[in-house]
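Residue numbers (the working numbering): 4 to 442.
Note that beta-carbon positions come from the ideal geometry of N, C-alpha and C, so glycine has one too.
Written out below as structure tokens is the structure these notes cover.
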Ligand code: GLC
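Set out below in structure tokens:
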């Protein structure tokens with residue numbers, strides 16, 4: 004059992020350590036905003052906050068993983084919107100590993116199918132908000148260059164190029180001529196905009212899903228890498244790209260995972276927090292424990308293969324509260340271990356819990372950093388709009404995040420309200436198109 008305790012210890016993030024993370028996060032935020040070498044890219048987005056008065060019909064294309072969506076949103080003004088009309092599509096391996104042309108043509112075809120189904124083909128010009136959830140160096144509200152792929156994407160010919168230009172070229176090839184991409188946004192930005200359209204207290208957008216990241220509105224005078232803004236009043240949303248934050252204490256399991264990944268040295272926080280990696284971290288711990296004879300389910304083939312244990316299993320394991328952990332036993336069976344003792348089931352559940360709890364506490368630490376950046380004494384209410392499968396579906400993640408915030412801020416913690424902002428990234432892109440169209 005000693006090893007189980009040791010694992011608990013190395014994955015723990017107690018409050019004093021959280022404050023160190025907050026401090027290091029603030030330093031990297033400053034460096035990123037000053038244009039200095041930093042693990043936080045701090046990307047200016049050219050987008051301010053909505054007023055809630057935006058009106059009209061807008062289209063959005065929401066792409067940030069293998070599933071993507073096209074939607075139409077009607078804004079009524081007065082902070083109200085109709086339920087969006089949505090169509091979902093899925094990218095296949097040939098699109099995420101092939102050429103830019105194959106990739107963007109498939110997306111253009113999907114937009115075409117949406118327009119046709121909703122009787123929008125060839126009609127008046129439609130303003131489209133394009134959510135493209137990868138590290139983009141924005142060069143304007145509707146232009147930006149892909150800095151690198153994340154989340155396993157490898158499509159060639161996109162890194163270093165303007166994704167709006169590539170998308171427009173595909174629209175032209177597919178003869179879609181009534182759509183104008185008027186805003187390019189990150190999913191965190193969409194999530195923030197969508198929530199703050201209805202809730203003026205909302206000032207951070209966070210994604211904890213396949214990938215993880217956050218954004219917040221920053222004072223223009225503090226964006227030092229843009230001298231033209233100095234002295235100007237107002238705020239602009241900054242896409243932090245927090246998934247790349249690298250000042251956390253890592254375990255040997257994290258380092259192993261990073262080395263075996265397709266982007267070693269990058270997205271270090273993402274590899275400890277997001278759905279793409281959590282199952283893999285747990286698998287690494289369990290496979291090490293089984294080699295040290297602490298975990299007896301050695302007949303699981305997935306235990307010793309990269310990607311052999313998906314993060315979705317973690318939710319099921321941790322949701323099992325039966326006495327005999329029968330659900331955990333069933334999952335172990337599915338994974339190839341037909342006979343499991345109660346002890347093994349318990350250990351399996353504990354390890355999943357340790358890994359996901361660390362992820363929740365890291366996210367809370369970074370949210371604490373964002374909030375104290377905007378409001379050092381924590382005097383105002385902050386709604387934190389969060390979307391993503393891990394936050395939404397994992398059975399203990401949201402509660403562990405809340406608990407960590409309570410530990411960090413004590414009685415003042417109630418001023419911070421993390422809320423699920425489902426499908427905000429698409430809606431927010433449409434609202435951003437509206438903000439831009441108004442200008
Ligand atoms: C990755 C991307 C980032 C995105 C996040 C959540 O970290 O680099 O842009 O916001 O995933 O989808």
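In this structure, the CA atom of residue 378 is about 44 Å from the CA atom of residue 118. In the three-state reduction of the DSSP assignment, residue 354 falls in the helix class. The beta carbons of residue 277 and residue 214 sit closer together than 9 Å. In the three-state scheme derived from DSSP, where H, G and I count as helix and E and B as strand, residue 65 is classed as strand. Under a 10 Å Cβ-count criterion, residue 234 is classified as exposed, with fewer than 16 other Cβ atoms of the shown protein chains found around its own Cβ.
According to the DSSP assignment, residue 390 belongs to the beta strand (DSSP E) that extends over 385-390. Residue 117: not part of any beta strand (DSSP E); member of the alpha helix (DSSP H) spanning 103-120, first to last residue. Contact between residue 404 and residue 243 does not hold, since their C-beta atoms are separated by about 17 Å, which reaches or exceeds 8 Å. The DSSP-derived three-state label of residue 380 is coil. One thing to note: residue 434 has its Cβ within 9 Å of the Cβ of residue 61. Comparing alpha carbon positions, the residue from 125, 156, 224 closest to residue 180 is 125. Look at residue 210: its beta carbon is less than 8 Å from one of the heavy atoms in the ligand GLC. Contact annotation: residue 366 and residue 397 have beta-carbon atoms that are not nearer than 9 Å. DSSP places residue 194 in the uninterrupted alpha helix (DSSP H) bounded by 190-201. Residue environment analysis places residue 211 among the buried positions, since at least 16 neighbouring C-beta atoms fall within 10 angstroms of its C-beta. For residue 428, the uninterrupted alpha helix (DSSP H) run begins and ends at 427-441, by DSSP.
Relative to residue 55, the option among 200, 170, 41 whose CA is nearest is 200. Relative to residue 282, the option among 317, 92, 96, 241 whose CA is nearest is 317. In this structure, residue 251 lies away from residue 219, with their beta-carbon atoms at least 9 Å apart. Shown here for residue 241: same chain residues with a beta carbon closer than 8 Å to its own, the five before and five after excluded, namely 36, 45, 46, 47, 48, 218, 219, 220, 221, 226 in chain order. With fewer than 16 neighbouring CB atoms inside 10 Å of its own CB, residue 414 falls in the exposed class. A straight line joining the alpha-carbon of residue 304 with that of residue 293 spans about 12 Å.
For residue 76, the enclosing beta strand (DSSP E) starts and ends at 70-80.
Under DSSP, residue 128 forms no beta bridge with any residue.
Taking the Cβ atoms as the reference, residue 133 lies roughly 5 Å from residue 184, within the contact range of under 8 Å. Within the chosen limit of 8 Å, the ligand GLC reaches the beta carbon of residue 138 through at least one heavy atom. Not one heavy atom of the ligand GLC sits closer than 8 Å to the Cβ of residue 69. For the 9 Å CB-CB criterion, residue 411 and residue 363 do not form a contact. Within the model, the alpha-carbon separation for residue 178 versus residue 78 is close to 28 Å. Remark: the shortest separation between the CB of residue 274 and any heavy atom of the ligand GLC does not fall under 8 Å.
Checking the DSSP bridge columns, you'll see residue 218 partnered with 208, 242. For residue 42, the distance from the CB to the nearest heavy atom of the ligand GLC is not below 8 Å. In the DSSP assignment, residue 90 falls within the unbroken beta strand (DSSP E) covering 88-93. Remark: C-beta atoms of residue 162 and residue 431 do not approach each other more closely than 9 Å. Using a 10 angstroms sphere on the CB of residue 421, the tally of other CB atoms reaches 16 or more, which defines it as buried. Looking at the backbone, the Cα of residue 156 and that of residue 100 are separated by about 7 Å.
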